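Here the structure comes first, spelled out in structure tokens, and everything after it is commentary.
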Amino acid sequence: MNSVLQNRWATKTTTPRIPTSMGGPREETMRVLHVFETLPGGPATYLSEVAPHQVAKYGAANVRVIVPDRHLSHVQNIPLSCIATFRRNGRYKSLSALARAVTEEVQSFRPDVVHAHSTFAGLAVRLVGALNRNFPPVVYCPHGWSFDMETLGPLRPVAKLGERLLAPLCQKIVAISQHEYDRGIEAGISPDRMAVIENGLSSNRPVAVPVEWSDPRLKVLFVGRLDRQKGVDVLLKAVQSLGSQVAVKVIGAHVTTKEEQNKPISVPDNVELLGWKSPEEIAGYMNASDVVVMPSRWEGFGLVAVEAMRARKPVIASAVGGLRSIVRHGQTGFLVPAGDSDALAQTIVARDRAGWREMGLAGYMRFLSRYQSDRMNGDIVDLYDQITGKQTAEVRVLA
Numbered sequence: 001m002n003s004v005l006q007n008r009w010a011t012k013t014t015t016p017r018i019p020t021s022m023g024g025p026r027e028e029t030m031r032v033l034h035v036f037e038t039l040p041g042g043p044a045t046y047l048s049e050v051a052p053h054q055v056a057k058y059g060a061a062n063v064r065v066i067v068p069d070r071h072l073s074h075v076q077n078i079p080l081s082c083i084a085t086f087r088r089n090g091r092y093k094s095l096s097a098l099a100r101a102v103t104e105e106v107q108s109f110r111p112d113v114v115h116a117h118s119t120f121a122g123l124a125v126r127l128v129g130a131l132n133r134n135f136p137p138v139v140y141c142p143h144g145w146s147f148d149m150e151t152l153g154p155l156r157p158v159a160k161l162g163e164r165l166l167a168p169l170c171q172k173i174v175a176i177s178q179h180e181y182d183r184g185i186e187a188g189i190s191p192d193r194m195a196v197i198e199n200g201l202s203s204n205r206p207v208a209v210p211v212e213w214s215d216p217r218l219k220v221l222f223v224g225r226l227d228r229q230k231g232v233d234v235l236l237k238a239v240q241s242l243g244s245q246v247a248v249k250v251i252g253a254h255v256t257t258k259e260e261q262n263k264p265i266s267v268p269d270n271v272e273l274l275g276w277k278s279p280e281e282i283a284g285y286m287n288a289s290d291v292v293v294m295p296s297r298w299e300g301f302g303l304v305a306v307e308a309m310r311a312r313k314p315v316i317a318s319a320v321g322g323l324r325s326i327v328r329h330g331q332t333g334f335l336v337p338a339g340d341s342d343a344l345a346q347t348i349v350a351r352d353r354a355g356w357r358e359m360g361l362a363g364y365m366r367f368l369s370r371y372q373s374d375r376m377n378g379d380i381v382d383l384y385d386q387i388t389g390k391q392t393a394e395v396r397v398l399a
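Under full-length UniProt numbering, the letters of the sequence shown match residues 1 to 399, in that order.
Right, here's the structure in full:
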């Protein structure tokens, strides 16, 4: 099967460009199908950066996005005409519905590239593609390798083997950090199969909604899923020991760890759980906060850290995954050992407001120099051009 796929890719990528009457290559547009199996958190942020850019470049008629029906509220800044949905009733039960949606969209939309996001979408897309000789090239972005998930326990080697076996079924794997690329190499995936395209955010933040958060204590903000990966339990334990020194707000909810959804959370008096908030509300809480905390146990990248830096806020993060390259220890924030609530507590109170503001400004300068989405989006478009053999041009819509 691999030889069949390689022949298909060779046919797709070596088609000569047709010259124009002026003697240059013909510029073409691109039809892109994005596939998401889940959205809350990082995937939604990634979608809100990538899809609007491609809609502007290729035209709304040339961009489609498959998302779960129950996650539609997390879709931002994309025309409804670009959205297709599938019914999601749990991760494993919904794989067949996602596979059907992918098959239908490929047949009707006829994309030049299918861009699959995260493990389950990558699994569904690559298996469907392996069964269809006419399937377009696939770009797969793990957004954090499944075999790095502690919650898989003894199944982690199985997940690693699965990623290695599935790798030849896509044209390119986008690693969102150097850490993710290195982990792919360690898993036995060919370096030629991967490309590092670090995540980025637009320098234009969502218009912040004013929020009520006036407090003389140090204001600490957490944004993310309340699953084991994100380490909110470590944060709660840390701040419980700090008592009246800090005020903490937690934005997010459980998404992937079903067992934890049924566990009551012991919330200290200095913590308020807010649930999911809109990007505009999150921007408001970031504006009001003094420091943003990311106590993740594992992390492929860590977009919340970049969001905080864009908002001129310092970041305290676990020294794991992509966070180790995002946060400059002692300059834009601090890195602490994963799972160490005592170290986290000590670090939260290690600076006063003035000290945190200085670090936040340094983080903003780092954001401007490295983590803007123009670079990310340009690299993704170049990758599409490379694997399809197209030279694409922007679609200009006349008013």
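C-beta atoms are modelled at their ideal positions from N, C-alpha and C, and glycine is treated no differently.
Here the structure is a predicted model, which is why all the values come from computation and not from measurement.
- Out of W276, N204 and A124, the CA that lies nearest to the CA of L169 is found in A124.
- Going by C-alpha positions, Q107 is about 30 Å away from A159.
- Here the region 193-212 makes no contact with the region 231-244; the two share fewer than three CB pairs at distances below 8 Å.
- Of the residues T151, G302, M359 and V293, the one whose Cα lies closest to the Cα of Q178 is G302.
- The region 177-192 and the region 215-228 do not touch, with fewer than three beta-carbon pairs separated by less than 8 Å.
- Closest by C-alpha distance to F147, out of V67, E186 and G129, is E186.
- At the C-beta level, H115 and G42 stay beyond 8 Å of one another.
- Selection F86, A362 and R91 evaluated against E104 yields F86 as nearest (Cα-Cα).
- Going by beta carbons, S94 and R100 fall outside the 8 Å limit.
- The way I'd put it, the region 237-250 doesn't touch the region 300-317; fewer than three beta-carbon pairs between them come closer than 8 Å.
- Taking 4 residues as the shortest admissible run, the region 37-99 contains the following complete alpha helix (DSSP H) segments, listed from N- to C-terminal end: 42-58.
- At a cut-off of 3 residues, the continuous stretches assigned as beta strand (DSSP E) that sit fully inside the region 299-332 are 315-318.
- Assignment of beta-bridge partners to K249 by DSSP yields L221 and E272.
- In the three-state reduction of the DSSP assignment, I176 falls in the coil class, being assigned neither a helical nor a strand state.
- Taking each of V65, V50 and D112 in turn and checking the Cα distance to G389, the smallest one comes out for D112.
- The region 29-43 makes contact with the region 67-84: 3 or more CB pairs, one atom from each, lie closer than 8 Å.
- Closest in alpha carbon position to P210, among V336, G224, N287 and G339, is N287.
- For the 8 Å CB-CB criterion, K313 and V327 do not form a contact.
- In this structure, DSSP gives V232 a helical state, which the three-state scheme calls helix.
- In this structure V250 is in contact with V271, their Cβ atoms being roughly 6 Å apart against a cut-off of 8 Å.
- Look at Q372 here: in three-state DSSP terms it is strand.
- Between F109 and L47, the C-beta spacing is not below 8 Å.
- A distance of 8 Å or more separates the beta carbons of A253 and G284.
- Taken through DSSP and simplified to helix, strand or coil, M294 comes out as strand.
- By a beta-carbon distance limit of 8 Å, G333 contacts M359. Their separation comes to about 6 Å.
- For Q331, same chain residues with a beta-carbon under 6 Å away, outside a window of 5 residues either side, are A362 in chain order.
- A Cβ-Cβ contact shorter than 8 Å links E198 with M376.
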